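Sequence order for the protein chains is W and E. Using the UniProt record's numbering, the first residue of the first sequence is number 1, and each one after it goes up by one. Using the UniProt record's numbering, the first residue of the second sequence is number 1, and each one after it goes up by one. Note that beta-carbon positions come from the ideal geometry of N, C-alpha and C, so glycine has one too. Model, not experiment: these values are computed from the prediction. Everything on this sheet refers to the single structure shown next.
2 protein chains.
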Amino acid sequence: MTSTAPRRERVRQATIQEIKAAAHAQLAEHGTAALSLRAVARAMGMTPSALYRYFDSRAALISVLAQDAYASLADALEAAFATAPTDDQAVRWLLVARAHRQWAKDSPTEYTLIFGPQPTDLTDHSEALINELERSVAVMFRCMAEAIAAGDIDPSVLEVELSPGLREQLLAWDCADLSPAGTAACMSVWTQLHGLIALELFGHMPEPLAGSQELFDQQMLGALDRAGHRAPIDHHAVIARADGAAGPATPVRA
Amino acid sequence: MTSTAPRRERVRQATIQEIKAAAHAQLAEHGTAALSLRAVARAMGMTPSALYRYFDSRAALISVLAQDAYASLADALEAAFATAPTDDQAVRWLLVARAHRQWAKDSPTEYTLIFGPQPTDLTDHSEALINELERSVAVMFRCMAEAIAAGDIDPSVLEVELSPGLREQLLAWDCADLSPAGTAACMSVWTQLHGLIALELFGHMPEPLAGSQELFDQQMLGALDRAGHRAPIDHHAVIARADGAAGPATPVRA
DNA sequence: CGGTGTTTGCGAACACTGTTCTCTCAAGCG
DNA sequence: CGCTTGAGAGAACAGTGTTCGCAAACACCG
């Protein structure tokens, strides 16, 4: 029977989940800095000290919440990748990028938890955590890899930009069987995606452009263009198809 | 005489500066979250309550520190712009971009203070603060504007990417007399700059590429390329000249 | 069934924190 | 000189993360 032995462990995992849920709620509402162990305990009718049976410290709790956030983002990206049409690499990339942005807008606190400053515990990059991170970037890199395989993108135009040292570094990170130029293209696209999301999420975009879906689409397709797209991307057509794929990612304009 | 009347006000400004200095030190060492009013007061032989004669709250103190950080970044960028050679737009841009990155690496806490999540006081975007922000982006946009004026860059190739709605938004932010395509090019470059710095500052770059000056240079010049550079940029030559301009921005490799 | 460990939770305590009062003292003013 | 304004001290309040000792509940084994 699965009776006794796992029984204790089961309820333990259940309360761990409950703690995480309560903490997540507090986090989403008042931000990371305002997450209070006592408030979490209060919300679930416990004593603060009891929480320490499940988490070593407040930082440890936040750390696992960050890990969950990584997983959540990776899930969103993988879902977007899976449901996107496979015959047009540009619309698939745009849909994945949009999913990333949408996730960030839906859960800004988690986003800052992930891409914000690590509170001095780089040491606890506990492989499980970096695995989730790599899952996210893997989705985006797969977009690039398949676009290259499909012949839509030829990153070799970037070859001339790579210094010997940089080529070496790119090779050292042998990722998804991409050429150094392909990896450089991925990094470039990823960089721009992250930068744009971060800028608009933290309110640094000038007013008329704040939250502009159009600017996002233009930049994301433009980034793909520069990565070595053979023929210039027809932005209008790709955007129209992406809008149709799952309804406009957001109602076209906030 | 400047004797009595300003005298009181003068010493007040002096202690304000002293408080800011002490707070800045704490901030740089232990991070924003760990900034403690009591510790600041302790460090300068004061009582915590006395600090409230000068700052309404801890958040207010942090806010003016953030404003100083904006100013510091803007100063660094303007200095880089001023000392860069004026006859090659690409090396000037690269030097400004490198200055931005160097500033971020030198003062990571300030950087997160600026580009991190605003702690719910968006309201206090007190014009003085956004002025400093605009001073920073103005430097970068000036790079673009002068490159266009010099004929090195022709952003009109981006025109075809602009949807009518996006063009309207870009026009609504009439900035530095740039065309919509020029503004879009600026945004694209700025986005990528910020994204790359943020990723490497917060430890999200894969190991072989972490802190790579070469990757940074390649991306920054590549971004300029895509903004509509007439002839493809000779990365090697531009980097060599930038290295010579003020010594390698960092000793070539950390 | 009853005894025995281990796990779980509680409650008090410590050392902090931001913030708000009241009170006092000294400096600047006429 | 007296008077007013401001700066600072000190105590207090309401929180916080964290630690420790103790008691109840549970799973187990004879």
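Have a look at the options and flag the residue whose alpha-carbon is nearest the alpha-carbon of residue i.
i	options	result
Lys20(W)	Ala39(W), Arg7(W), Arg8(W) and Pro6(W)	Ala39(W)
Glu159(E)	Pro232(W), Met44(W), Pro85(W) and Ala76(W)	Pro232(W)
Ser72(E)	His24(E), Trp173(E), Ala245(E) and Ser163(E)	His24(E)
Ala66(E)	Trp93(E), Arg92(E), Ala90(E) and Ile130(E)	Ile130(E)
Val96(E)	Val139(E), Cys175(E), Met44(E) and Ala43(E)	Val139(E)
Ile148(W)	Ala198(W), Phe216(W) and Ala227(W)	Ala227(W)
Ile62(W)	Trp93(W), Gly116(W), Met44(W) and Lys105(W)	Gly116(W)
Gln169(W)	Leu113(E), Leu37(E) and Met205(E)	Met205(E)
Trp173(E)	Ala60(W), Ala210(W) and Thr47(W)	Ala210(W)
Arg101(W)	Ser136(W), Ala128(W) and Met46(W)	Ser136(W)
Asp243(W)	Ala99(W), Ala128(W) and Glu134(W)	Ala99(W)
residue 300(W)	Arg167(W), Ile239(W), Leu27(W) and Leu199(W)	This structure gives no information on residue 300(W), because the portion of chain W shown stretches from 1 to 254.
Shorter than 8 Å from the beta carbon of residue i to some beta carbon of chain W?
i	result
His24(E)	no
Leu94(E)	no
Gln219(E)	yes
Met144(E)	no
Ser212(E)	yes
Met140(E)	no
Ala184(E)	yes
Gly244(E)	no
Gln67(E)	no
Glu207(E)	yes
Gln169(E)	yes
Leu166(E)	yes
Ala33(E)	yes
Phe81(E)	no
Thr112(E)	yes
Gly151(E)	no
Leu122(E)	At Leu122(E) the pLDDT is 47, less than 50, meaning the model places this residue with poor confidence; the figure from the coordinates comes in the next sentence. At least one chain W Cβ lies under 8 Å of Leu122(E).
His204(E)	yes
Give a yes or no on whether the C-beta atoms belonging to residue i and residue j are separated by under 8 Å.
i	j	result
Ala181(W)	Pro208(W)	no
Thr32(E)	Gly195(W)	no
Glu132(E)	Tyr70(E)	yes
Ala185(E)	Leu162(E)	no
Ala90(W)	Ala245(W)	no
Ser188(E)	Gly222(W)	yes
Leu201(W)	Tyr54(W)	no
residue 255(E)	Asp217(E)	Residue 255(E) is absent from the model: chain E starts at 1 and stops at 254.
Ala74(E)	Met44(E)	no
Leu193(W)	Met220(W)	yes
His229(E)	Ile153(E)	yes
Looking only at DSSP bridge pairs, what is residue i linked to?
i	result
His229(E)	Ile153(E)
Just mark residue i as buried or exposed, buried being the case when its beta carbon has 16 or more other beta carbons within 10 Å.
i	result
Ala150(E)	exposed
Val11(E)	exposed
Ala79(W)	exposed
Gln13(W)	exposed
Glu214(W)	buried
Thr109(E)	buried
Leu122(E)	For Leu122(E), the predicted model reports a pLDDT of 47, less than 50, meaning its position is unreliable; a value from the coordinates is still stated below. Its Cβ having fewer than 16 others within 10 Å, Leu122(E) is exposed.
His236(E)	exposed
Ser212(W)	buried
Ser126(W)	exposed
Arg42(W)	exposed
Asp87(W)	exposed
Ser107(W)	buried
Ala59(W)	exposed
Leu224(W)	buried
Ala145(W)	buried
Arg8(E)	exposed
With a cut-off of 8 Å, does the C-beta of residue i fall near any C-beta of chain E?
i	result
Arg226(W)	yes
Phe115(W)	yes
Glu161(W)	yes
Gln102(W)	no
Ala172(W)	yes
Ser188(W)	yes
Gln192(W)	yes
Ala198(W)	yes
Leu61(W)	no
His236(W)	yes
Leu73(W)	no
Leu133(W)	yes
Phe55(W)	no
Does the beta-carbon of residue i, which I'm using as the reference point, lie nearer than 7 Å to any heavy atom of the ligand GTP?
i	result
Val11(W)	Judged by which ligands are present, the structure shown has none, so any question about the ligand GTP falls away.
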